[in-house]
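Residue numbers (this note's numbering): 320 to 653.
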């Protein structure tokens, strides 16, 4: 495990963090009622057909009564997430703000596919000569790879600042209820990356891969739970190594992947003497790669972080592993 992405003397900062949780909501009852309805002719349907799948995945449990379903309100995007990012980006940075790099990270599948969201962001900011990066197929860990790549490119002279975006919207037939995992809600994040100064200094950014047993399409709930506990053990090992090296963070933020994962990693943090900050709002929701940033924003707003303190954002995906992003809250001027 690499404890530092950037060579000695090189720094990367994150600033202007903005988390977007949609105001529109749906219920779990509405989602379950959607199961079994004709599928829209869409990219998710094409992927399912290519894989020979003909039912929602993970499968929706059949037969629950309305009274037995959790009364959880699920934030849902009514438009493509990139539309919200463009609106918020122009409002926050202005239409004339220039970036050297633009990264768009996603876990979910939606139209348009592949690189088009990145080009849409470039168009909104008038960046005709900026090559956008669109990163997927890495679960909730995509932003870790994006920060790594951005840091390396800025270090090599490809400019001084970048725009990082994370955005996800679950579309049927992909399920919002993954086995015993937390209910998935839509969200987006945008922030700037810079090499000179900023609000948070990136001091650690790495991925710990995990090789799953067998194809996820064949998983049972027991398979999922075993994987969650395996990822929790991987996280505990990382925390112990950081403590032994004298790099233990002042706070720990855990992605709300599942109750068992959050509990296990939280207990590991306590054994290592690392306080865990638990999000007080939307406790039942997992916001994909945006989730740890949403919790960080709440911790910041409630005064839980002081200048000079560090916070470890712990990301997790059952099919890829864990991601570790340590940020140090910088003072005035970085």
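Ideal Cβ placement from N, Cα and C applies to all residues, glycine included. Just so you know, these numbers come straight off a predicted model, no measurement behind them.
CB-CB under 8 angstroms to residue i, same chain, minus the five flanking residues each way: which ones, in chain order?
i: residue 570; result: 593, 594, 595, 596, 618, 623, 624, 628, 629, 630 and 631
i: residue 641; result: 460, 526, 527, 529, 550, 553, 554, 557, 633, 634 and 635
For residue i, which residues of its own chain have a beta-carbon under 6 angstroms away from its beta-carbon, when the five flanking residues on both sides are left out?
i: residue 340; result: 394 and 506
i: residue 503; result: 489, 495 and 605
i: residue 637; result: 546
Within 10 Å of its beta-carbon, does residue i have 16 or more other beta-carbons around it, so buried, or fewer, so exposed?
i: residue 456; result: exposed
i: residue 610; result: buried
i: residue 481; result: buried
i: residue 475; result: exposed
i: residue 599; result: exposed
i: residue 547; result: buried
i: residue 522; result: buried
i: residue 451; result: buried
i: residue 568; result: buried
Between residue i and residue j, what straight-line distance do the alpha-carbon atoms span, to the nearest angstrom?
i: residue 376; j: residue 329; result: 43 angstroms
i: residue 348; j: residue 489; result: 16 angstroms
i: residue 532; j: residue 604; result: 26 angstroms
i: residue 426; j: residue 509; result: 15 angstroms
i: residue 564; j: residue 501; result: 33 angstroms
i: residue 529; j: residue 368; result: 27 angstroms
i: residue 413; j: residue 478; result: 19 angstroms
i: residue 553; j: residue 635; result: 10 angstroms
i: residue 487; j: residue 461; result: 12 angstroms
i: residue 562; j: residue 468; result: 27 angstroms
i: residue 574; j: residue 416; result: 31 angstroms
i: residue 557; j: residue 396; result: 35 angstroms
i: residue 338; j: residue 538; result: 32 angstroms
i: residue 419; j: residue 514; result: 12 angstroms
i: residue 559; j: residue 407; result: 39 angstroms
i: residue 436; j: residue 366; result: 19 angstroms
i: residue 602; j: residue 578; result: 10 angstroms
i: residue 346; j: residue 516; result: 42 angstroms
i: residue 350; j: residue 409; result: 33 angstroms
i: residue 582; j: residue 399; result: 33 angstroms
i: residue 390; j: residue 352; result: 15 angstroms
i: residue 591; j: residue 580; result: 17 angstroms
i: residue 621; j: residue 333; result: 19 angstroms
Determine, using beta carbons only, whether residue i and residue j come nearer to each other than 7 angstroms.
i: residue 464; j: residue 454; result: yes
i: residue 588; j: residue 459; result: no
i: residue 646; j: residue 519; result: yes
i: residue 511; j: residue 335; result: yes
i: residue 470; j: residue 331; result: yes
i: residue 405; j: residue 421; result: no
i: residue 392; j: residue 344; result: yes
i: residue 466; j: residue 524; result: yes
i: residue 401; j: residue 372; result: no
(request) Inspect the CB distances between the segment 484-502 and the segment 533-546 and report whether three or more fall short of 8 angstroms. (result) yes
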